[in-house]
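Trainee: Read in order, the letters of the sequence shown are residues 4 to 317 in the numbering used here. No residue lacks a Cβ here, since even glycine has one placed at the ideal position from N, Cα and C. Since we're looking at a predicted model, the values are computed, not measured. Below: one structure in C-alpha cells.
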Amino acid sequence: MSSLNPQCLTRNDSADYRTINEKGFLKISGLIPEADVKELSEHMDCVLRGEASAPGFPRIEPSMSEAERLAAFSRIHNAHRVHPLHERFLLHPRILDVLEQLTGPDILALQSMSFFKQPGQPGQGYHQDSYYIPTLPNTLIAAWVAVSEATEENGCLWFRVGSQCEPVYPQVDNEYTHQSRNLDGIFDNSTASIEDVETNQLASVAIRYQEESCPAKPGDVVFFRGNILHRSFENKGATPRRALWDISVMQGALSHGTSGRSGRLAFAKPRFGTPCAALEERKPRIAGSLVAMPMGSKSGMVIQQVDVTQRDND
C-alpha cells in the first residue's frame, strides 16, 4: 500500500457535506490511489486461489474446481481482525479524512466486509445498516470502496434518496432502537434484505423516495448514512463486482450489546500497527478557552474558564 501520511490528505467541499445530509449518500471519485486498489484486488485473487488465508477465511482445497472456489466466497466479515491488509484499508487515511470532515473527529472504525459478488450471485434487498448495527447516538456511516467497476448490470448500489431521515425499523425484540417503537407507524421488521419487494416490508417505506443507482469505478468510495434505505441486484454481468465495505461511528457512541452492560464502544489500537491517530499521544485541543453563550456583548456573557487538566471519566 502506498505510504500515505494520515494527516488531512483529502479536503472536501462544503457541497459534499450538504450532499450526504440531503441525499444520504456521497460518492467521491478516485479517492483511493490506483496502487492501493490494485494491491487489494490482487489479494482477493490470492484468497480465491487459496494462496492467502487467515482465521475465518473459507478453506480452499487444491482439488476444488474454479466454480467451487468462486462459490466458497461471496463475502468475508471483519477480516481486519485477522489480516493486516484489511486493517490498513479499514483505517485508510483518505477514508478517515473524509469521515472526519463529514461527521467530526475521533472516528471509531467498527466493522469491515469484503464482497466478491461473482456473476450470478444474488443482490440484497432493501435494508438499513443501522438495523444490523444500531448505535446510540445514531452516528453510523459506511464507506463502500469499489475494487472493481460496479455497474447496474453487475449489481451496484441503489439508494432511496433522502430516506436517511427515516427512523430505524427495528428487529423484533431489539431494545437498542432509539425508542423508535414509540413512534406511530413503526413496525417490527423481520424481512430486511429480502430481494422480493412483495415480501420486504421496507418496500412500503422506500416507495416514498426516488431511487438512484450509484455506479462506481475502481478507487471510488461511496459514503452513506446508517438509516438510508438501499439495495443491490443480482450480478447479471460477466465479471465480478468486488468491493470493500467499512463501517464507522463517532467515538463515544453506544453500540448494540447485551442487557446489564454499558455498551460503550471501547477505545482500541490497531492490531497490526496500521498508522492512525490511535497510536499517537493524545494532546488537549483546547487550552484556556472561553466557553459561553453569546448574549450580544462580552460583558453580557457567562464565562467559564476551561481547565484542560481535568478529565471527564464518564
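Between L7 and the rest of its own chain, which residues show a CB-CB distance below 6 Å, the 5 nearest in sequence each way excluded?
Mentor: In this predicted model, L7 has a pLDDT of only 38, less than 50, meaning its place in the structure is not dependable enough to derive any value.
Trainee: Sorted by chain position, which residues of the same chain lie with C-beta nearer than 6 Å to G291's C-beta, five sequence neighbours on each side aside?
Mentor: Since pLDDT at G291 reaches only 45, below the 50 mark, its modelled position is unreliable, and the value read off the structure follows with that caveat. Nothing meets the Cβ criterion.
Trainee: Considering only their Cβ atoms, is the gap separating I231 from Q167 smaller than 8 Å?
Mentor: Yes, the Cβ-Cβ distance between Q167 and I231 is below 8 Å.
Trainee: So N238 and R244 are in contact, right, with Cβ under 8 Å, and what is the actual spacing, rounded?
Mentor: 6 Å between Cβ atoms; contact.
Trainee: Let's see if you can read the secondary structure: which residues bound the beta strand (DSSP E) around Q127?
Mentor: Per DSSP, Q127 belongs to the beta strand (DSSP E) from 127 to 130.
Trainee: With DSSP collapsed to three states, give me the class of K30.
Mentor: Reduced to three states, the DSSP call for K30 is strand.
Trainee: Within a Cβ cutoff of 7 Å, which residues of the same chain sit near F275, ignoring the five residues on either side of it in sequence?
Mentor: P87, E90, listed in sequence order.
Trainee: According to DSSP, simplified to helix, strand and coil, what is I231?
Mentor: Three-state DSSP puts I231 in coil, outside helix and strand.
Trainee: In whole angstroms, give me the CA-to-CA distance for P108 and A219.
Mentor: Each residue's alpha carbon lies about 27 Å from the other.
Trainee: So, F190 versus Q204, is the Cβ gap smaller than 8 Å?
Mentor: Yes, they are a contact pair.
Trainee: Please classify H80: does DSSP put it in a helix, a strand, or coil?
Mentor: DSSP places H80 in strand when its eight states are reduced to three.
Trainee: With L113 as the anchor, note down where its beta strand (DSSP E) starts and where it stops.
Mentor: First-last of the beta strand (DSSP E) with L113: 110 to 118.
Trainee: How far does the alpha helix (DSSP H) with V148 in it reach, from first residue to last?
Mentor: From DSSP, V148 is part of no alpha helix (DSSP H) but of the beta strand (DSSP E) over 144 to 149.
Trainee: Roughly how many angstroms separate the alpha carbons of L282 and A271, rounded to a whole number?
Mentor: Between L282 and A271, the C-alpha separation is close to 10 Å.
Trainee: How far does the beta strand (DSSP E) with C217 in it reach, from first residue to last?
Mentor: Residues 214 to 217.
Trainee: Assuming G128 contacts E198 under a Cβ cut-off of 8 Å, what Cβ separation, rounded to an integer in Å, is found between them?
Mentor: Confirmed, about 4 Å.
Trainee: How big is the Cα-Cα spacing for S17 and R84?
Mentor: Near 34 Å, if we compare the C-alpha coordinates of R84 and S17.
Trainee: Taking only three categories from DSSP, how would you classify I306?
Mentor: Any answer about I306 is weak, because its pLDDT of 42 lies below 50 and its placement is not dependable; what the coordinates show is given next. Looking at I306 - three-state DSSP - the assignment turns out to be coil, as it is neither helix nor strand.
Trainee: Find out if the Cβ-Cβ distance for the pair M47, S117 is shorter than 8 Å.
Mentor: In contact: M47 and S117 (Cβ atoms closer than 8 Å).
Trainee: Around the C-beta of R264, are 16 or more other C-beta atoms found within 10 angstroms, so that it is buried, or is it exposed?
Mentor: For R264, the pLDDT reaches just 49, beneath the cut-off of 50, and the residue's location in the model is therefore unreliable, leaving the point undetermined.
Trainee: Can you grab the Cα-Cα spacing for the pair R62 / R21, in whole Å?
Mentor: C-alpha separation (whole angstroms): 45 Å.
Trainee: Helix, strand or coil: which one does DSSP assign to I250?
Mentor: Three-state DSSP puts I250 in a strand.
Trainee: Put R244 into one of helix, strand or coil per three-state DSSP.
Mentor: It is coil, neither helix nor strand.
Trainee: From which residue to which residue does the beta strand (DSSP E) around F162 run?
Mentor: Counting along the chain, the beta strand (DSSP E) containing F162 begins and ends at 160 to 163.
Trainee: Just grab the DSSP bridge partners of T106 for me.
Mentor: None; T106 has no bridge partner.
Trainee: With a cut-off of 8 Å on the beta carbons, I'd call C279 and L111 a contact; round off their distance for me.
Mentor: At roughly 11 Å, the Cβ-Cβ gap does not stay under 8 Å, so C279 and L111 are not in contact.
Trainee: Where A74 and T154 are concerned, what is the direct C-alpha to C-alpha distance, given to the nearest angstrom?
Mentor: Distance between the alpha carbons of A74 and T154: 21 Å.
Trainee: Within 10 angstroms of its Cβ, does T202 collect 16 or more other Cβ (buried), or is it exposed?
Mentor: Flag for T202 reads exposed.
Trainee: Going along the chain, which residues of its own chain have a beta-carbon closer than 7 Å to the beta-carbon of P58, five neighbours each way excluded?
Mentor: Around P58: V85.
Trainee: CB-CB under 6 Å to Q104, same chain, minus the five flanking residues each way: which ones, in chain order?
Mentor: Cβ within range, chain order: N15.
Trainee: Beta carbon of F227, beta carbon of G126: below 8 Å?
Mentor: Their beta carbons are not under 8 Å apart, which means F227 does not touch G126 by this criterion.
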